[in-house]
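Asks: To start, I am sharing the structure in question, which I have written as structure tokens.
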Amino acid sequence: MIVQLTGKVHYQITLDPTVWIFDDRKIEMENAFIDSTGLLEEDSEEALKRASTRWEREVTQQSSKPPVNRSINRFEKEQILKGTYLMPIKDFLKTAEIESDASQARLVLDSKEEIISLPLLKDSLFLFAENGKPVKENGPVHVYFGDGSNRDEPIKGVTKIIIE
Numbered sequence: 152m153i154v155q156l157t158g159k160v161h162y163q164i165t166l167d168p169t170v171w172i173f174d175d176r177k178i179e180m181e182n183a184f185i186d187s188t189g190l191l192e193e194d195s196e197e198a199l200k201r202a203s204t205r206w207e208r209e210v211t212q213q214s215s216k217p218p219v220n221r222s223i224n225r226f227e228k229e230q231i232l233k234g235t236y237l238m239p240i241k242d243f244l245k246t247a248e249i250e251s252d253a254s255q256a257r258l259v260l261d262s263k264e265e266i267i268s269l270p271l272l273k274d275s276l277f278l279f280a281e282n283g284k285p286v287k288e289n290g291p292v293h294v295y296f297g298d299g300s301n302r303d304e305p306i307k308g309v310t311k312i313i314i315e
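In terms of my numbering, the sequence shown is numbered consecutively and its last residue is 315.
Listed below in structure tokens is the structure:
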């Protein structure tokens with residue numbers, strides 16, 4: 152199952168969520184909506200190490216789009232194939248090059264349509280894998296807002312995004 156990104160964009164894109172499972176940009180569901188108040192205190196050395204890793208990943212990704220996966224061992228592969236993952240949509244929107252006069256997005260679902268603002272869409276995340284398997288029920292993707300406000304009731308069954 153695919154998701155089409157069309158409308159007021161310079162490049163129409165067809166997204167295939169089934170190939171995102173090994174993409175380095177994915178985020179684990181349990182880590183996606185943690186804010187700074189929800190984090191446990193950690194020693195500064197560990198925080199510095201994580202920030203350094205994040206910085207190196209960002210610099211590397213800027214030079215190679217789409218990001219190239221590092222080698223993963225068997226244990227990591229097994230863990231990946233058991234997780235529930237989200238994918239940020241902002242990179243896809245950047246690639247599509249949204250026209251300057253666009254202000255909203257129409258999400259085409261299985262049985263209806265929903266309209267959301269463009270800034271809200273840019274901060275959104277796609278749920279594409281549950282327990283290591285592609286989303287089948289009400290799929291191919293579910294849309295979660297970046298602030299987690301619709302975490303209990305995501306927009307399900309998105310098959311097309313039309314930028315207006």
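Glycine is no exception: its CB is placed at the ideal position from the N, C-alpha and C atoms.
Confirm, please, whether the CB-CB distance from P239 to R302 is below 8 Å.
Replies: The answer is no: Cβ separation not under 8 Å.
Asks: List the residues that DSSP assigns as beta-bridge partners of F277.
Replies: Bridge partners of F277: M238 and V294.
Asks: In chain order, what residues of the same chain lie with their CB nearer than 8 Å to the CB of A247, ignoring the 5 residues before and after it?
Replies: Closer than 8 Å at Cβ, skipping near neighbours: L156, V160, H161, Y162, Q163, I164 and I314.
Asks: What is the rounded straight-line gap between the Cα of I172 and the Cα of L166?
Replies: Distance between the alpha carbons of I172 and L166: 13 Å.
Asks: What does the Cβ neighbour count give for L199, buried or exposed, with the cut at 16 atoms within 10 Å?
Replies: The residue is exposed, with fewer than 16 neighbouring Cβ atoms inside 10 Å.
Asks: Using three-state DSSP, classify R302 as helix, strand or coil.
Replies: DSSP places R302 in coil when its eight states are reduced to three.
Asks: Among all the DSSP beta bridges, which residues are the ones paired with K263?
Replies: According to DSSP, which records beta bridges pairwise, K263 is partnered with nothing at all.
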